[in-house]
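Asks: Residue numbers (numbering that gives the first Met the number 0): 0 to 448.
Yeah, the Cβ is synthetic: ideal placement off N, Cα and C, and Gly gets one too.
Quick one: structure below, then a few questions.
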Amino acid sequence: MLALLDTLTGQVAPLEPAVPGHLAVYLCGPTVAGTPHLGHARVNLVWDTVRRYLTWTGLEVHFVSNVTDIEDKIIARAAEEGTTVEDVASRYEALWRRTMERLGVVAPDDAPHATSYVDRMVSLVGELVGRGAAYEAGDGVYFSVESVPGYGALARQDLATLRSGARVEAQEAGKRSPLDFVLWKLAKPGEPSWPSPWGRGRPGWHTECVVMSLDLLGEGFDLHLGGLDLSFPHHENERAQALAAGRVFARRWAHNGMVVDERGEKMSRSVGNGMSLPELLDRYEGRVLRYLVLQAHYRAPMSVTEEALQAATGALRRLDNFAWETRELPRVAADQVVVGDFRRRMDDDLDTPGALAVLFGAVRSARAEPERAPALAAAVRECCEKGLGLPLRGEPTSLDQEVAALVAQRDSARASRDWGRADAIRAELTEMGYLVEDGPTGTVVRRPS
RNA sequence: GGCGGCGUGGCCGAGUGGUCCAGGCAAGGGCCUGCAAAGCCCUCUACAGCGGUUCGAUUCCGCUCGCCGCCUCCA
């Protein structure tokens with residue numbers, strides 16, 4: 000069983016599902032107000048890997064990830080572009096979906112939209128007001144963090160400490176404590192709005208995840224995921240609302256580390272150093288990015304540099320080459336020692352670098368001991384594809400007539416020891432993007448990774 | 001100021017009280033090859049600094065230096 004660090008306890012502990020065999024998981028999704036960046040790539044790749052791995056090991060995973068389609072940044076973007084929030088949200092959501100697909104991330108089982116949960120959010124806010132955990136102020140309804148015992152547990156800080164660190168200038172109109180956060184924002188003229196007992200407005204960001212996760216996964220769902228930067232205040236505030244409303248919230252939490260730039264500084268919106276994910280995917284395939292993500296431990300900061308991308312490309316090529324070399328071996332059951340070692344590493348707080356090392360070890364063994372190669376190759380393929388979501392390219396490339404003709408010409412040139420012509424054809428094929436290899440049966444071409 | 005984390009060989013990046021241990025990439029040399037490619041072999045070998053604990057520390061403790069995250073929108 001996979002053990003992960005639980006943000007709430009600070010301990011690495013096995014993931015025990017509430018319902019054996021099932022795992023109910025929630026991952027905070029995107030605010031569709033802009034182009035996906037490298038940070039989005041990492042969160043989704045890390046947790047997609049976990050989802051695939053758990054599914055592979057026999058769990059039925061119910062994976063929910065929301066889409067925030069109403070939020071200040073979307074409104075600002077719409078104003079900027081002179082269009083509607085619906086238009087902005089739908090365009091960026093489409094871009095998001097395409098981008099996740101390019102990354103090889105499996106779509107969530109449910110991808111609820113904030114705008115289709117507004118009425119339930121209004122109910123929750125009403126409930127919180129009724130219980131005395133929320134109050135009306137000038138521009139909306141606020142949650143009172145004082146009303147929840149143990150506020151700050153995810154950040155492992157108590158209320159007083161958090162308060163002392165809060166920036167006074169961030170104080171909004173009418174808040175009783177600087178840590179209080181908005182549940183319902185009253186609309187200004189021209190802003191999109193929904194009716195509520197407190198006047199027309201829109202929900203605050205922290206509320207949607209509470210309502211959606213509880214609705215789709217039920218109380219006491221197993222695991223709540225997200226980037227480390229969401230642990231406070233976003234996740235803390237989700238938790239606070241659920242607790243104040245008397246619900247059992249996520250049983251445990253896990254957070255992935257940040258993507259940082261070359262100087263080690265976090266990529267973020269405010270700093271403006273986030274690299275566009277679609278642009279990067281134009282230059283490197285999704286598998287390279289996934290390899291890069293898996294090569295780092297999920298909680299460590301990681302940087303995405305040209306050099307690192309090149310190295311990941313090379314490492315992946317080595318795995319692809321192995322799959323290619325072993326493509327014609329008999330298909331047998333995967334070597335259980337390798338699979339066992341692989342799983343041990345994965346189960347140990349998602350030690351993907353260690354798991355990859357196991358696979359490279361298997362590659363080396365397979366080459367040294369041909370009799371074990373079929374089972375080892377099967378293990379490497381299965382672990383990569385099912386365990387990591389990293390399918391290897393081991394299938395022959397289908398060739399069009401032109402290429403097939405060139406290959407035939409090269410074979411005859413080589414047969415007549417016309418090396419000049421053979422080399423010229425190879426150069427041509429390379430130019431066309433093929434990898435040219437001379438094997439015992441003649442020239443073989445394939446697409447490089 | 002509070003809380004948390006990090007500092008490993010040319011680069012990325014794990015891990016551990018004690019014998020070589022990661023692993024990948026890159027580089028150099030060699031084997032193989034018509035030449036390549038792929039592959040194989042070899043080489044470069046580290047643990048920020050200073051103390052302490054210990055028979056022994058990169059790993060445990062303390063301090064110092066440097067860096068980062070969160071406390072504000074953020075994955």
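Could you tell me which of Gly38, Gly20, His21 and Cys27 sits nearest to Val259, measuring between CA atoms?
Replies: Gly38
Asks: Identify which residue in Ser230, Asn236 and Val247 has its Cα closest to the Cα of Thr254.
Replies: The sequence as given places His at residue 254; Thr does not occur at that position. Looking at the Cα atoms, Ser230 is the closest of the given residues.
Asks: Whole-angstrom Cβ separation of Asn65 and Met99, contact assumed at under 8 Å?
Replies: So it is not a contact: roughly 14 Å between Cβ atoms.
Asks: In this structure, what does DSSP give as the bridge partners for Val60?
Replies: Leu22
Asks: Whose C-beta lies closer than 6 Å to the C-beta of Asp340 among residues of the same chain, with five residues either side of it excluded?
Replies: If we look at Asp340 and ignore the five residues flanking it on each side, its Cβ neighbours are Val357.
Asks: Can you look up Gln294 in the DSSP assignment and give me helix, strand or coil?
Replies: helix
Asks: Mark Gln10 as exposed unless 16 or more other C-beta atoms lie within 10 angstroms of its C-beta, in which case mark it buried.
Replies: exposed
Asks: Mind pulling the beta strand (DSSP E) runs of 3 or more residues that sit fully within the stretch 156-227?
Replies: 180-185, 200-202 and 222-226
Asks: With a threshold of 16 other CB atoms inside 10 Å of the CB of Arg251, please say whether the residue is buried or exposed.
Replies: buried
Asks: Using a Cβ-Cβ cutoff of less than 8 Å, which residues in the same chain neighbour Ala365 once the five nearest sequence positions on both sides are dropped?
Replies: Phe321, Thr325, Arg371, Ala372, Leu375, Ala376 and Val379
Asks: Whether or not the stretch 85-97 and the stretch 125-139 are in contact is what I'm after, with contact meaning three or more pairs of Cβ atoms, one per stretch, closer than 8 Å; do they touch?
Replies: Cβ pair count under 8 Å is below three, so no.
Asks: I need the DSSP call for Thr429, collapsed to helix, strand or coil.
Replies: helix
Asks: With contact counted as at least three CB pairs below 8 Å, one residue from each stretch, are the stretch 213-226 and the stretch 44-64 in contact?
Replies: A contact exists between the stretch 213-226 and the stretch 44-64.
Asks: So, with DSSP's three-state summary, where would you put Glu345?
Replies: It is Met, not Glu, that sits at residue 345 in the sequence shown. In the structure shown, Met345 sits in a helix (DSSP, three-state: H, G or I).
Asks: Taking the alpha carbon of His233 as the reference point, which residue from Pro277, Leu391 and Cys27 has its own alpha carbon closest?
Replies: Cys27
Asks: Please report how far the alpha carbon of Gly419 lies from the alpha carbon of Val406, in whole angstroms.
Replies: Distance between the alpha carbons of Gly419 and Val406: 15 Å.
Asks: Can you tell me whether Gln309 is buried or exposed, with buried defined as 16 or more other CB within 10 angstroms of its CB?
Replies: exposed
Asks: So the alpha helix (DSSP H) Ala260 belongs to, where does it begin and stop?
Replies: Just to set this straight, residue 260 is Asp in the shown sequence, not Ala. Segment: none, Asp260 is in no alpha helix (DSSP H) and carries neither H nor E.
Asks: What is the DSSP secondary structure of Val105, counted as helix, strand or coil?
Replies: coil
Asks: For Gly129, count neighbouring C-beta atoms within 10 Å of its own C-beta (all shown protein chains included) and say buried if the count is 16 or more, exposed if not.
Replies: Result: exposed.
Asks: Taking just the CA atoms, how far does Pro439 sit from Tyr433?
Replies: 19 Å
Asks: Pull up the distance between the alpha-carbon of Gln156 and that of Gln335, whole angstroms please.
Replies: Taking the straight line from one Cα to the other gives about 45 Å.
Asks: Is the beta carbon of Trp183 closer than 7 Å to that of Val210?
Replies: When the beta-carbon positions are compared, Val210 and Trp183 stay at least 7 Å from each other.
Asks: Taking 6 Å as the limit between beta carbons, can you name the residues of its chain near Glu384, skipping five residues before and five after?
Replies: Pro390
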